[in-house]
Structures are given as C-alpha cells and as structure tokens.
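This report refers to the structure that appears directly beneath it.
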Amino acid sequence: MIIGKLNWLINIKKDLYENNGRDLYDIIFETLENNKMTYPTFLSTASEGHGFSPSEGNGYALDQDWDIPDEFDEVSFMFGDYENSTISPQKFVGLMQVITDNYITEHPEKKEAVERSMMRLKERYT
Numbered sequence: 002m003i004i005g006k007l008n009w010l011i012n013i014k015k016d017l018y019e020n021n022g023r024d025l026y027d028i029i030f031e032t033l034e035n036n037k038m039t040y041p042t043f044l045s046t047a048s049e050g051h052g053f054s055p056s057e058g059n060g061y062a063l064d065q066d067w068d069i070p071d072e073f074d075e076v077s078f079m080f081g082d083y084e085n086s087t088i089s090p091q092k093f094v095g096l097m098q099v100i101t102d103n104y105i106t107e108h109p110e111k112k113e114a115v116e117r118s119m120m121r122l123k124e125r126y127t
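First residue of the sequence shown? That's 2 in this note's numbering, and the numbers climb one at a time after it.
In structure tokens:
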C-alpha cells in the first residue's frame with residue numbers, strides 16, 4: 002500500500018506509542034502496509050475474537066486464539082523471539098476506538114460498517 006494512504010494511521014502513531022499502543026500500531030501498520038488486509042477487515046476479525054499475524058513471528062492474539070478462550074485476560078503481542086507484551090482487553094478496545102475514529106475521519110463512507118465492528122468489539126471485551 003502506498004504510505005500516503007496510511008496517513009490516517011501514521012498521524013496518531015505518537016499518541017499510540019505514548020499510550021501503551023506501540024505494539025498494536027506496529028501490527029496494524031505492517032498489516033496494512035503489506036496489503037495483508039484492510040483496516041475494516043482487521044477490526045471485524047478482532048471483533049470476532051481473532052488476532053492476526055501479518056508475518057511469521059509477528060502478531061497478536063485474542064480470546065479465540067487461546068486454547069481455553071474462557072481464560073482470556075490479556076491481549077498478547079509477539080515480535081519474533083525478542084519482544085512479547087500484553088495489554089488488558091479494555092485498553093485494547095480503547096486504543097482500537099482511537100484508531101477507528103481516525104479511520105472514519107479519513108473514510109467517512111465506511112463509517113456504518115466500521116462502527117458496527119467497533120460496537121461488537123466493545124461488547125466482547127468490555
């Protein structure tokens with residue numbers, strides 16, 4: 002994807018990095034930059050409880066990725082053998098809301114579908 006088409010995400014990078022959203026930003030950026038999926042698809046997949054790995058060794062996991070989904074209590078990020086981090090599901094939802102709001106500002110024609118997915122994500126994790 003042309004980097005210019007990701008300005009809506011790049012513009013909030015600093016805010017996300019400062020609010021424990023660095024790993025989420027990096028996963029979303031890699032996913033979109035390499036045309037692995039669109040943001041609406043990424044959000045919809047998350048709202049169904051599935052994480053995503055844009056490349057081998059890099060990704061994040063949600064409840065449906067766990068062996069025992071009922072024990073899910075944190076969103077886990079993996080970056081090769083070097084970095085693992087976690088955030089609470091509530092923090093994940095808050096960060097995704099910031100990202101989604103920025104996406105809608107840039108793509109108002111997709112507002113309804115994206116807001117539906119965001120609502121499902123909130124219902125699932127808050």
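Where is the CB? At the ideal position from N, CA and C, for every residue including glycine.
Status (buried if at least 16 other CB within 10 Å, exposed otherwise) for residue i
i	result
Ala-114	exposed
Ile-4	exposed
Tyr-18	exposed
Asp-64	buried
Pro-55	buried
Met-120	exposed
Ile-69	exposed
Cβ separation of residue i and residue j, assumed to be a contact under 8 Å, to the nearest whole Å
i	j	result
Tyr-24	Ser-89	Sequence inspection shows Asp at residue 24; the Tyr mentioned does not correspond to that position. Between Ser-89 and Asp-24 the Cβ distance is about 13 Å, and since that is not below 8 Å, they are no contact.
* Pair every Cβ in the stretch 56-64 with every Cβ in the stretch 21-30, then say whether three or more of these pairs are closer than 8 Å. => Verdict: yes, contact present.
* To do: Identify every run of the beta strand (DSSP E) within the stretch 34-116, keeping only runs that are complete inside it and at least 3 residues long; order them along the chain.
  => Whole beta strand (DSSP E) segments, 3+ residues: 53-56, 59-62, 76-80 and 84-88.
* At least 3 beta-carbon pairs within less than 8 Å: the stretch 38-45 vs the stretch 97-114 -> Enough Cβ pairs lie closer than 8 Å, so yes.
* Taking only runs that begin and end inside the stretch 2-28, name each unbroken alpha helix (DSSP H) of 4 or more residues, in chain order. => Within the stretch 2-28, the runs of alpha helix (DSSP H) at least 4 residues long that lie entirely inside it are, in chain order, 8-11 and 14-19.
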